[in-house]
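Residue numbers (this note's numbering): 267 to 355. Have a look at the structure below before the remarks.
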């Protein structure tokens, strides 16, 4: 902006400059927020996966215990039903 610019010309230039500056600031802030959101999103996804994995591990452990108990029951039932010589081999 030069000293010889009229007030009308200055008024025309200032909004353009300020809008460009605002756009640039918004762009920079948007990029920072986007990185922050991406980090938070990835943290959230990782936390969900860890929670799900631990839940699955607990469920597998519980079902394994149930399977062992059922196998014991079926072995006892077979032992009672089948002749003794089947088990001696």
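The C-beta atom is built at its ideal place from N, Cα and C for all residues, glycine as well. Bear in mind the structure is a predicted one, so any value in this text is a computation, not a measurement.
- Just so you know, the alpha carbons of residue 336 and residue 306 end up roughly 45 Å apart.
- Assigned with DSSP and collapsed to three states, residue 329 falls in helix.
- Rounded to whole angstroms, residue 347 and residue 334 show a C-alpha spacing of 20 Å.
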